[in-house]
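Chemist: Okay, handing you the structure first.
Residue numbers (full-length UniProt numbering): 1 to 490.
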């Protein structure tokens with residue numbers, strides 16, 4: 001099967017699914033009025049300097065002040081000095097002062113009670129390049145491993161920028177195999193964009209947005225589109241038309257791969273994407289062999305426990321454990337991407353006695369993680385059979401995006417949020433209209449969901465009823481729990 005990107009647009013949210021060989025690997029979502037801030041540039045104001053933490057809190061116009069560490073204020077430079085020793089980080093009080101205005105970029109969204117993470121080391125991405133203002137060096141992504149290709153790309157960029165480039169540039173992984181014209185097109189775009197950002201920054205007041213990154217559908221095309229993606233399906237006409245224009249500007253050779261989806265069923269029913277999303281919210285993930293993974297998220301870390309379950313398929317226990325761990329290593333890499341798990345991750349593989357088995361399981365995990373867009377580091381298997389690893393986290397996990405603390409169990413469990421249920425109701429209405437002819441329908445749900453639909457989504461409901469030619473009545477049911485609803489045809 002081919003690799004595809006599915007882009008689903010509804011009145012309340014935009015979702016992007018990356019499907020590889022018919023299996024969901026990654027999911028991104030962006031709700032109306034709730035987009036990611038990562039990549040945005042703001043004119044910030046230093047609200048408070050904390051010498052003990054080597055950090056400052058910065059007002060960028062969001063609900064919570066953002067966090068800026070001293071190491072993220074320094075200009076980009078090698079970590080080691082000319083003597084091969086680590087460069088000391090100056091005191092935060094030498095770098096900034098309270099009330100000072102500072103141009104900053106968000107590198108990590110607000111998570112839980114924490115504000116956004118900032119840097120003054122700005123970077124502006126395009127399809128194949130990243131512009132680094134203030135430095136002069138040219139670099140190539142470490143994910144491009146062939147030395148000949150690295151040198152070819154570096155030579156192309158040097159020809160385009162000259163020996164003394166006006167800014168620094170990094171060639172992105174997407175650039176592997178491209179020709180000079182595509183790189184020149186990206187370079188021209190960034191050279192036009194940066195002066196506009198500088199001009200807007202000069203006029204900006206404290207807390208004002210200076211530059212906003214692309215919205216999710218187009219950001220996904222920029223960052224996820226590659227030669228292996230054979231098809232991009234989009235189920236909303238306006239987004240499709242804009243995506244085709246966007247592709248025509250940045251990668252015209254692949255624009256024809258973008259298709260408008262108008263099939264009988266919902267787009268995310270293809271390849272069972274909706275079912276896979278539901279499974280990704282479960283604590284337990286089954287393995288084909290009969291074993292299973294147990295995944296627990298906490299504030300400090302995520303733990304993954306590997307169990308053989310009912311798997312008894314090999315001649316002896318050691319072989320059974322080894323085969324289960326091999327399968328689990330590949331499944332874990334997929335679950336980390338799908339659930340968007342980040343930070344510290346502890347994997348408890350089943351104890352193995354043979355060193356060769358341990359090495360093979362670890363190599364399998366590392367190979368499976370190689371396709372992950374997030375940066376990961378993996379340690380050796382410890383004597384206790386544990387693997388410590390980290391995965392860069394820039395946005396909240398899938399569970400935290402789709403669920404909220406359950407009021408019935410005082411936060412010990414998770415239930416789908418009211419917004420998530422509202423989105424599911426919209427999708428169920430559209431599914432019902434595709435399958436049946438009806439002039440009226442009734443939606444029964446708990447009072448909180450009905451109130452949210454009528455108060456915050458009344459415009460979307462009105463547009464939907466006009467578009468579908470049907471009337472929709474909402475009926476609150478006190479006995480329904482938050483995730484329960486019914487769409488009834490009248």
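Cβ atoms here follow ideal geometry from the backbone N, Cα and C, with glycine treated the same way.
Quantities reported herein were computed from a predicted structural model and do not represent experimental measurements.
Using 10 angstroms around the beta-carbon of residue 16, count the other beta-carbons present and answer buried if the total reaches 16, otherwise exposed.
Modeler: Within the chain shown, the letter at position 16 stands for residue 16. Its Cβ being crowded by 16 or more others within 10 Å, residue 16 is buried.
Chemist: Should residue 449 go down as buried or exposed, given a rule of 16 or more other Cβ atoms within 10 Å for buried?
Modeler: For the purposes of this step, residue 449 is taken as the residue at position 449 of the chain shown. Looking at its Cβ environment, which holds 16 or more other Cβ atoms inside 10 Å, residue 449 is buried.
Chemist: Where does residue 210 fall in DSSP's three states?
Modeler: For the purposes of this step, residue 210 is taken as the residue at position 210 of the chain shown. Three-state DSSP puts residue 210 in a strand.
Chemist: Quick one: complete alpha helix (DSSP H) runs, 4+ long, within the segment 321-376?
Modeler: List check, alpha helix (DSSP H) in window: 355-369.
Chemist: For the pair the segment 5-15 and the segment 423-437, tell me if three or more CB-CB distances fall below 8 Å.
Modeler: Touching, per the Cβ criterion.
Chemist: So for residue 28, helix, strand or coil by DSSP?
Modeler: Position 28 of the chain shown, counted from the first residue, corresponds to residue 28. Strand, per DSSP.
Chemist: Could you give the uninterrupted runs of the alpha helix (DSSP H) lying entirely in the segment 428-466, keeping only those of 4 residues or more?
Modeler: List check, alpha helix (DSSP H) in window: 447-456.
Chemist: Tell me the residue span of the alpha helix (DSSP H) that contains residue 220.
Modeler: Position 220 of the chain shown, counted from the first residue, corresponds to residue 220. From DSSP, the alpha helix (DSSP H) with residue 220 extends over 216-224.
Chemist: Take every Cβ of the segment 434-441, pair it with every Cβ of the segment 477-490, and state whether three or more of those distances are shorter than 8 Å.
Modeler: They touch, by the three-pair rule.
Chemist: Quick check on DSSP: helix, strand or coil for residue 528?
Modeler: The question about residue 528 has no answer, for the chain in this structure spans 1 to 490.
Chemist: With H, G and I counted as helix, E and B as strand and the rest as coil, what does DSSP make of residue 80?
Modeler: Position 80 of the chain shown, counted from the start, is the residue given in the question as residue 80. With a pLDDT of 47 at residue 80, under the threshold of 50, the predicted position of this residue should be treated as unreliable, and no value is reported.
Chemist: Is the beta carbon of residue 72 closer than 8 Å to that of residue 119?
Modeler: By 1-based counting over the chain shown, the position of residue 119 is 119. By 1-based counting over the chain shown, the position of residue 72 is 72. Yes.
Chemist: What would DSSP say about residue 37, mapped onto helix, strand or coil?
Modeler: Residue 37 sits at position 37 when you count from the first residue of the chain shown. Residue 37: coil per DSSP, three-state reduction.
Chemist: Going by the CB atoms, is the gap between residue 129 and residue 491 shorter than 8 Å?
Modeler: There is no way to answer for residue 491, as the model of the chain reaches only from 1 to 490.
Chemist: Let me know if residue 205 comes out buried or exposed under the rule of 16 or more other beta-carbons within 10 Å of its beta-carbon.
Modeler: For the purposes of this step, residue 205 is identified with residue 205 of the chain shown, where counting begins at 1. So residue 205 counts as exposed.
Chemist: Going straight from the alpha carbon of residue 267 to that of residue 242, what length do you get?
Modeler: Translated into positions along the chain shown, residue 267 becomes position 267. Translated into positions along the chain shown, residue 242 becomes position 242. Rounded to the nearest angstrom, the two C-alpha atoms are 19 Å apart.
Chemist: Taking the alpha carbon of residue 228 as the point to measure from, which residue in 347, 299 and 2 has its own alpha carbon closest?
Modeler: Translated into positions along the chain shown, residue 228 becomes position 228. Closest by alpha carbon: 2.
Chemist: Comparing C-alpha positions only, which one of 271, 193, 330 and 399 sits nearest to residue 299?
Modeler: Within the chain shown, numbered from 1, the residue matching residue 299 stands at position 299. Answer by Cα proximity: 399.
Chemist: Short check: CB of residue 391 to CB of residue 341, under 8 Å?
Modeler: Counting from 1 along the chain shown, the entry for residue 391 is found at position 391. Counting from 1 along the chain shown, the entry for residue 341 is found at position 341. A contact, by the Cβ cut-off of 8 Å.
Chemist: Between the Cα of residue 54 and those of 460, 143 and 95, spot the shortest distance and give me the residue it belongs to.
Modeler: Taking the chain shown and counting its residues from 1, the one referred to as residue 54 is at position 54. Checked all of 460, 143 and 95; the closest Cα to residue 54 is 95.
Chemist: Rounded to whole angstroms, what's the CA-CA distance from residue 20 to residue 171? Just pull it up for me.
Modeler: Here residue 20 corresponds to residue number 20 of the chain shown, with the count starting at 1. Here residue 171 corresponds to residue number 171 of the chain shown, with the count starting at 1. The straight-line gap from Cα to Cα measures roughly 25 Å.
Chemist: Could you check where the alpha helix (DSSP H) with residue 187 kicks off and where it finishes?
Modeler: Position 187 of the chain shown, counted from the start, is the residue given in the question as residue 187. Residue 187 -> alpha helix (DSSP H) spans 180-203.
Chemist: Within its chain, find whatever has a CB closer than 8 Å to the CB of residue 38; leave out the 5 residues flanking it on each side and keep chain order.
Modeler: Taking the first residue of the chain shown as 1, we reach residue 38 at position 38. Excluding sequence neighbours, residue 38 sits near 106, 107, 108, 109, 213, 394 and 395.
Chemist: Would you check if there are 3 or more beta carbon pairs closer than 8 Å linking the segment 368-387 to the segment 267-277?
Modeler: As far as the Cβ criterion goes, the segment 368-387 does not touch the segment 267-277, which means the pair count is below three.
Chemist: Compare the beta carbon distance of residue 381 and residue 224 with 8 Å and say whether it is the shorter of the two.
Modeler: The residue labelled residue 381 in the question sits at position 381 within the chain shown. The residue labelled residue 224 in the question sits at position 224 within the chain shown. Their beta carbons are not under 8 Å apart, which means residue 381 does not touch residue 224 by this criterion.
Chemist: Which value, in whole angstroms, describes the spacing of the CA atoms of residue 157 and residue 483?
Modeler: The residue labelled residue 157 in the question sits at position 157 within the chain shown. The residue labelled residue 483 in the question sits at position 483 within the chain shown. Taking the straight line joining both Cα atoms gives about 53 Å.
Chemist: My output table needs one value for residue 406: the three-state DSSP class, helix, strand or coil.
Modeler: For the purposes of this step, residue 406 is taken as the residue at position 406 of the chain shown. Residue 406: coil per DSSP, three-state reduction.
Chemist: Of the residues 263, 383, 369 and 234, which one's Cα is nearest the Cα of residue 257?
Modeler: What you label residue 257 is simply residue 257 of the chain shown in a count that begins at 1. The candidate whose alpha carbon is nearest that of residue 257 is 234.
Chemist: Considering residue 5, what are the terminal residues of the beta strand (DSSP E) in which it resides?
Modeler: Mapped onto the chain shown, residue 5 falls at position 5. First-last of the beta strand (DSSP E) with residue 5: 3-9.
Chemist: Tell me, which residues are paired with residue 247 by DSSP?
Modeler: Along the chain shown, one-based indexing puts residue 247 at 247. Paired residues: none, contrary to the question.
Chemist: Using alpha carbons as the reference points, say which of 335, 388, 126 and 385 lies closest to residue 371.
Modeler: In the chain shown, residue 371 corresponds to position 371, counting from 1. Residue 371 has its Cα closest to that of 335, out of 335, 388, 126 and 385.
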